[in-house]
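Worksheet for the structure shown next.
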Amino acid sequence: MSNVRQLRFREALREAMIEEMDRDERVFLLGEEVGHYQGAYKVSEGMLDRFGARRVVDTPIAEGGFAGIGIGAAMMGLRPIIEFMTWNFSAVAFDQILNNASKVRQMSGGQFNCPIVFRGPNGSAKQVGSQHSTSMEHFYATIPGLKVIAPAFPVDAKGLLKAAIRDDNPVILLESETLYSVKGDVPDNLEPIEFGRAQIVRPGSALTIIAYSRMTHVALEAADQLATEGIDVEVIDLRTLRPLDEETIVRSVQKTHRCVVVHEGWSYGGVGAEIADRVQRLAFDWLEAPILRVAQLDVGMPYNATLEQACIPQPGRVCDTVKRLVFRET
Amino acid sequence: MTKESSPPAPPSPKASPVDVEHLAHLYRQMFLIRRVEEESARAYATGKIGGFLHLYIGQEAVGVGAIAALRPDDSVVTTYRDHGIALAKGMSARSLLAELWGKKTGCSQGLGGSMHLFDKEHNMLGGYGIVGGHIPLACGVAFAAKYQGQDRVTLCFFGEGAVSIGGFHEGLSLAALWKLPIVFICENNEYAMGTPLSRTLSVEDVSLKADAYGMARDRFVADDVLEVQARVGAAVERARKEQAPTLVEMRTYRFRGHSMSDPAKYRTQTELDEHKQRDPMTRARERLLTLEYKEGRISALERSVEEEVADAVKFADESPEPDTSVLAPTTYDGAFAY
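In the order they appear, the protein sequences are chains A and B. Under numbering that gives the first Met the number 0, the first sequence has 243 at position 244, and the numbering climbs by one with no breaks. Under numbering that gives the first Met the number 0, the second sequence has 334 at position 335, and the numbering climbs by one with no breaks.
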């Protein structure tokens, strides 16, 4: 029987990196402030001492440059973990990820792989303003050649990151600054968690809420509130966005007949739109209501605390949306 | 204002006796590239090659000379003008032309095309189509060699058009900071597509950029393939022995337009003719004759190239097209992620 410990999200990520670096000499961590500073959000705390500057590499502020370095190193068989201080900064490395990481296997006819992990905090935090609050998963999840993962709990953060490091393809790992201190049970000797398997984190029958990353917690809070009003919803935590677990989604909607997708970031052409498309295609005959999305309001993120909260999906907005469907007059 | 400078010249290659057989070998490579490019232009005109086609004609001495300074286990990364580089690094004319024809027997199974030539066996790590985007990637190839404690060197080719974009500066900055075993080769052919050097760079001496990064530099006209080999060789040795990068700027000239769709009206016939008179390939041929490498031997060598090219064209013509079954497994290694 293995023991279970309470770990914070950041500790779970750190353990995954340490275990994989212990296991495989080819794995190294590279990014801004990952070494001497101990990580901008302390995810890599202590790792420089443990592995030295060869394998925990501080970089200048040059996301395009060091993302490219990771890609070239991965093509030569190394397994880099590239930390973006936030995914917002990956915008200046977007060319590297889109045109090099995701395409090099295809362009080379399968001769070269790019086994690399890009990770860091994504989406909004707390009043960090317009340029530090973007949810980048919607851009990355659309790109074939990439895998995109967005865990909500420490155990999944650890297991999915371990799997990401061992994957032979480029993986985008989206974290959240607001989740780094969240605690959760993590069993010792945790094995890598396979991509493409969503989890039903709360079973229910009235409606299916689909969420991931930070929004899984918002969905669970909404579900608690709804339960007090006698509405029993099911919550699915996607865990990985590409590959997407269609089967779990469809089976749930076949049971509940209603579906709401909750995510950060804008709704236009986003992950929620993709899920809505799949649900209507694969479960059309089971649906009793339109599929609705709860996303960031369709504006840049405001600094003002009240306005910011109004923009980010809140349990209240999720509850209202659920009730519109459950009490829908036909 | 234009600043020009001449970095200290390395030992002249003319000081040592020329290895005639080696020069003949380099001439053959240059001639092969020239003939492959001419066949490509013809094939483009008849529709066998689609998309964009950027020819290396005129610049052969750069790729051939520079790659002659490498070991087979050294790596090369370049731009979309990559046919000559790929051939010089060891890719077969068959593999190259079949790729341009979009055939399954091409180096990338017909998925890459003219701009994306890869040959893992020969450490040809690709041609890339986004200007400057491959420079950090090339630094990563060099980073991997250093990380693994191997003395492999990486050559990274780009045009002077790449010098204005961020990838160039981030790549050079990181390579100098981390002392990566890489040689940056600026193939300065005087035109960024249709825009001359004077209208793209405030300082026309590209090699000076190295000074700002504390990096060694060199700058010369790539007329003589042996000089190219010697001077790039000095930079390669610096990378291999001292783990220090170098920026080498070579002045060269493309005899054709930027791509097949470019009639190159931005330059005069006189300018073009002047450059053609200094054609490095012709110079190498003349040099061979002065070194008593007889016309008969040169002709035999050229005939063997003609046969090789004809064989490659036939091979590409007769090869099958890839089918859709190739698409998914080249997008992901393992299960498709959707």
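Cβ atoms here follow ideal geometry from the backbone N, Cα and C, with glycine treated the same way.
Around the beta-carbon of A:Ser-129, fewer than 16 other beta-carbon atoms lie within 10 Å, marking it exposed. Within the segment 140-185 of chain A, complete beta strand (DSSP E) segments of at least 3 residues are found at 146-148 and 170-174, given in chain order. Between B:Ala-143 and A:Leu-286, the gap from beta carbon to beta carbon reaches 7 angstroms or more.
Pairwise C-beta distances place the segment 179-199 of chain B in contact with the segment 253-262 of chain B, as three or more of them are shorter than 8 angstroms. Beta-bridge analysis with DSSP links B:Tyr-190 to B:Pro-195.
Going by DSSP, A:Ala-39 is part of no alpha helix (DSSP H) at all; its letter is neither H nor E. For the pair A:Arg-250 and A:Glu-193, the Cα-to-Cα distance works out to about 19 angstroms. Residues of chain A with a Cβ closer than 8 angstroms to the Cβ of B:Ala-209 do not exist, since the nearest Cβ in that chain sits about 16 angstroms away. Shown here for B:Thr-329: same chain residues with a beta carbon closer than 8 angstroms to its own, the five before and five after excluded, namely Gln-108 and Leu-110 in chain order. Per the Cβ contact rule, the segment 32-52 of chain A is not in contact with the segment 63-73 of chain A (fewer than 3 Cβ pairs under 8 angstroms). Out of A:Glu-273, A:Arg-323, A:Asp-57 and A:Asn-112, the CA that lies nearest to the CA of B:Tyr-331 is found in A:Asn-112.
Boundaries of the alpha helix (DSSP H) around A:Glu-18: 8-22. Neighbours of A:Pro-143 in chain B, taken as residues at a C-beta separation under 7 angstroms, are given in chain order as Thr-330. In this model, A:Val-317 and A:Ala-218 are separated by some 7 angstroms (Cα to Cα).
Put simply, of B:Asp-223, B:Glu-248, B:Lys-103 and B:Met-249 the residue whose alpha carbon is nearest the alpha carbon of B:Glu-285 is B:Asp-223.
Apart from the 5 residues on each side of it in sequence, A:Gly-63 sits with its Cβ closer than 8 angstroms to the Cβ of Val-91, Ala-92, Asp-94 and Gln-95 in its chain, given in chain order.
Contact of B:Pro-319 with chain A is not assigned, every C-beta pair being separated by 7 angstroms or more. In this structure, the alpha-carbon of B:Arg-70 lies about 21 angstroms from that of B:Asp-217. A:Leu-29 is bridged by DSSP to A:Val-56 and A:Ile-81.
Per DSSP, A:Gln-95 lies in no alpha helix (DSSP H) and is assigned neither H nor E. When Cβ-Cβ separations below 7 angstroms define contact, B:Gln-276 makes no contact with chain A.
For B:Pro-195, no chain A residue has a C-beta closer than 9 angstroms to its own C-beta; the minimum C-beta separation is roughly 26 angstroms. Between the C-alpha atoms of B:Thr-245 and A:Thr-207 there is a straight-line separation of about 59 angstroms. As summarised for the segment 47-128 of chain B, the continuous beta strand (DSSP E) elements at least 3 residues long and confined to that stretch are 74-78 and 123-127, given in chain order. Shown in chain order are the members of the segment 117-144 of chain B whose Cβ falls below 8 angstroms from a Cβ of chain A: Phe-117, Asp-118, Lys-119, Leu-124, Gly-125, Tyr-127, Gly-128, Ile-129, Gly-132, His-133, Ile-134, Pro-135, Leu-136, Ala-137, Cys-138, Gly-139, Val-140, Ala-141, Phe-142, Ala-143 and Ala-144. If you draw a straight line from the Cα of A:Arg-201 to the Cα of A:Asp-276, it is about 23 angstroms long. By the neighbour-count criterion, in which a residue is buried when 16 or more other Cβ atoms sit within 10 angstroms of its Cβ, B:Gln-276 is exposed.
Proximity of the segment 284-301 of chain B to the segment 78-94 of chain B falls short of the contact definition, fewer than three beta-carbon pairs being nearer than 8 angstroms.
For the pair A:Ala-151 and A:Ser-212, the CB atoms are nearer than the 7 angstroms cut-off. Contacts with chain B (Cβ-Cβ distance below 7 angstroms) from the segment 106-126 of chain A involve Met-106, Ser-107, Gly-108, Gly-109, Gln-110, Phe-111 and Asn-112, listed in chain order. B:Ser-206 counts as buried, since at least 16 other C-beta atoms from the protein chains shown sit within 10 angstroms of its C-beta.
If you draw a straight line from the Cα of B:Ala-209 to the Cα of B:Pro-180, it comes to about 15 angstroms.
Leaving aside the five residues that flank A:Ser-132 on each side, the residues in its chain whose CB is nearer than 6 angstroms to its CB run, in chain order, Ser-123 and Met-300.
Taking 7 angstroms as the cut-off, the Cβ atoms of A:Asn-168 and A:Lys-146 count as close. For B:Gln-108, the neighbours in chain A by C-beta distance under 8 angstroms run, in chain order, Gly-108 and Gly-109. Counting the other CB atoms within 10 Å of its CB gives A:Phe-326 a total below 16, which places it among the exposed residues.
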